[in-house]
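Chemist: Before anything else, here's the structure in question.
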């Protein structure tokens with residue numbers, strides 16, 4: 001068996017090998033269902049009938065005259081529809097099939113998608129035909145990894161009888177799988193909020209009024225940025241502010257490629273801008289592609305409305 | 001009709017109505033074929049067409065193109081890229097075998113994201 005071969009190849013004592021061994025053991029369990037009935041003595045909920053044929057043709061946009069009138073046949077591709085349990089379910093489904101699906105559900109392969117349908121039509125179905133069916137579990141595949149996720153293909157083969165006579169066969173394959181993890185949809189990330197405290201409150205008050213305020217020590221007149229409680233030059237705690245003219249140049253910069261942070265769209269330039277007043281601040285450069293930012297680039301202050309709750313001072317560069 | 005002949009394509013607008021009407025007409029009440037919220041919970045971006053509808057459309061395509069006297073003998077399909085609402089599926093067919101009145105047609109249904117269906121249909125086409 002393929003599954004045994006897989007074990008020999010992978011049984012190296014590694015985690016992957018143990019996982020393959022476990023998958024093969026599980027498949028052996030599933031393969032025991034091959035050949036067992038999936039449905040026995042199933043009865044179509046309705047005899048073949050004109051209204052269901054008409055609804056089908058309307059849905060499919062099929063105007064084939066063979067499906068209407070006194071000699072109407074049912075569209076052959078309706079074969080499976082006559083065997084469907086609908087909302088009230090399948091009474092005929094075998095315990096073996098339920099058990100097989102139960103094993104798969106229990107192992108985490110809870111999702112299902114139909115992948116293949118092969119039908120042969122021996123006799124056309126006509127209104128009034130009473131439908132019965134029997135189905136067998138034909139095969140259960142070893143574990144497969146697909147785009148949807150990892151799981152097992154389960155193939156059933158059904159004989160469909162009309163008034164007791166074989167009218168068609170229907171082979172159906174489903175994939176029972178554990179959905180591949182998808183990135184959870186989150187609301188668009190917001191840029192981080194500034195932490196505003198009594199030491200920098202004045203700066204953010206200024207931003208709100210579209211003024212870029214620089215602290216100035218009232219003892220020694222040294223300008224400082226970012227805002228701090230005391231002077232780095234003379235240690236005085238006393239200060240006032242001057243409003244930046246808005247002119248500056250790029251003193252240095254980096255281009256962020258990786259890692260990506262929520263609300264930022266790499267690559268982007270992060271610049272250390274030297275203001276005309278002499279202090280430097282970190283900000284974004286607008287108006288210039290990230291790869292055109294250069295040391296010495298003249299920039300001009302502007303205020304960027306990021307979202308309803310955030311406005312930031314940034315610097316617009318002019319290209320060339 | 002000769003091997004290699006192609007059938008004129010058939011364009012199927014994949015509307016939400018078609019998906020739901022096809023699912024109900026085929027008595028397939030799986031929620032992923034009519035309930036977008038539950039389909040999303042199961043990892044699908046939207047509801048998608050069920051295999052019975054695809055099967056019906058493939059059958060319709062062949063009898064539309066070869067005429068109402070065509071008798072379908074076998075339809076075998078495999079699904080790939082799902083048919084989501086708003087997409088368009090274009091069915092195309094190529095004759096792959098002819099033997100007396102029996103023809104075999106390779107059918108492909110392509111949508112905006114890939115091949116939704118590929119399969120083969122065997123049909124009797126009375127002379």
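Protein chains in written order, with full-length UniProt numbering: chain C, 1 to 320; chain D, 1 to 127. Note that CB positions come from ideal geometry on N, CA and C, so glycine has one too.
Starting from the beta carbon of residue 56/D, find every residue of chain C whose beta carbon is closer than 8 angstroms, and list them in chain order.
Modeler: 56, 59, 60, 62, 75, 77, 78
Chemist: So that I know if they touch, is there some Cβ in chain C lying closer than 9 angstroms to that of residue 84/D?
Modeler: no
Chemist: Grouping DSSP H, G and I as helix and E and B as strand, with all else coil, what is residue 239/C?
Modeler: Reduced to three states, the DSSP call for residue 239/C is strand.
Chemist: Among the candidates 153/C, 37/C, 298/C, whose CA atom is the shortest distance from the CA of residue 115/C?
Modeler: 153/C
Chemist: Taking the alpha-carbon positions, what's the residue 42/C to residue 83/C distance?
Modeler: 8 angstroms
Chemist: Measure the C-alpha to C-alpha separation of residue 33/D and residue 19/D and round it to an integer number of angstroms.
Modeler: 7 angstroms
Chemist: Using a cut-off of 8 angstroms between C-beta atoms, extract the partners of residue 77/D located in chain C.
Modeler: 116, 117, 118
Chemist: Buried or exposed: which applies to residue 313/C, given that a residue is buried once 16 or more other Cβ atoms fall within 10 Å of its Cβ?
Modeler: Classification of residue 313/C: buried, given that the 10 Å Cβ count is 16 or more.
Chemist: Using a C-beta cutoff of 9 angstroms, does residue 38/D count as contacting chain C?
Modeler: no
Chemist: Does the Cβ-Cβ distance between residue 135/C and residue 97/C come in under 9 angstroms?
Modeler: yes
Chemist: Which residues in the same chain as residue 216/C place their Cβ atom closer than 8 angstroms to its Cβ, once the five residues preceding and following it in sequence are excluded?
Modeler: 222, 223, 224, 239, 240, 241, 242
Chemist: Considering only the alpha carbon of each residue, which of 41/D, 83/D, 97/D, 44/D lies closest to residue 57/D?
Modeler: 83/D
Chemist: Report yes if the C-beta distance between residue 114/D and residue 76/D is below 9 angstroms; otherwise report no.
Modeler: no
Chemist: Which word fits residue 20/C, buried or exposed, when buried means at least 16 other C-beta atoms lie within 10 angstroms of its C-beta?
Modeler: buried
Chemist: Roughly how many angstroms separate the alpha carbons of residue 147/C and residue 54/D, rounded to a whole number?
Modeler: 20 angstroms
Chemist: Return the bridge partner residues of residue 117/C from the DSSP annotation.
Modeler: 172/C, 77/D
Chemist: Hey, which unbroken runs of the alpha helix (DSSP H) at 4 residues or more fall wholly within the UniProt domain "FAS1-like dehydratase" (42-165) of chain C?
Modeler: Those alpha helix (DSSP H) runs which fall completely within the UniProt domain "FAS1-like dehydratase" (42-165) of chain C and span 4+ residues are 50-60, 95-106.
Chemist: Can you tell me the Cα-Cα spacing of residue 29/C and residue 142/C, whole angstroms?
Modeler: Each residue's alpha carbon lies about 11 angstroms from the other.
Chemist: Report the option in 24/D, 96/D, 60/D whose CA atom is closest to the CA atom of residue 50/D.
Modeler: In this structure, 24/D is the residue among 24/D, 96/D, 60/D with its C-alpha nearest to the C-alpha of residue 50/D.
Chemist: With DSSP as the reference, label residue 303/C as helix, strand or coil.
Modeler: The DSSP-derived three-state label of residue 303/C is strand.
Chemist: Going by beta carbon distance, what residues of the same chain come within less than 6 angstroms of residue 65/D, once the five residues before and after it are set aside?
Modeler: Closer than 6 angstroms at the Cβ level, and outside the excluded window around residue 65/D, lie 7.
Chemist: 9 angstroms is my cut-off, CB to CB: does residue 84/C come that close to chain D?
Modeler: Judged by the 9 angstroms Cβ criterion, residue 84/C is in contact with chain D.
Chemist: Straight-line CA distance for residue 172/C to residue 37/C?
Modeler: 14 angstroms
Chemist: Which of the three DSSP states, helix, strand or coil, is assigned to residue 40/D?
Modeler: helix
Chemist: What's the gap between the Cα of residue 76/C and the Cα of residue 94/C?
Modeler: 26 angstroms
Chemist: What is the DSSP secondary structure of residue 29/D, counted as helix, strand or coil?
Modeler: coil
Chemist: Taking 9 angstroms as the threshold (beta carbon to beta carbon), is residue 110/D in contact with chain B?
Modeler: Any reference to chain B falls outside this structure, whose protein chains are C and D.
Chemist: Got a sec? Which residues, its chain only, sit under 6 angstroms from residue 70/D by beta carbon, not counting five neighbours each side?
Modeler: The answer, listed in chain order, is 63, 123, 125.
Chemist: Given a cut-off of 9 angstroms on the beta-carbon distance, is the pair residue 288/C and residue 317/C in contact?
Modeler: yes
Chemist: If the criterion is Cβ atoms closer than 9 angstroms, does the pair residue 274/C and residue 250/C meet it?
Modeler: With respect to the 9 angstroms criterion, residue 274/C and residue 250/C are classified as neighbours on the basis of their beta carbons.
Chemist: So with Cβ pairs under 9 angstroms, would you call residue 97/C a contact of chain D?
Modeler: no
Chemist: Mind listing, in chain order, the continuous alpha helix (DSSP H) runs of no fewer than 4 residues lying wholly within the stretch 53-117 of chain D?
Modeler: none
Chemist: Rounded to the nearest angstrom, what separates residue 17/D and residue 29/D at their Cα positions?
Modeler: 14 angstroms
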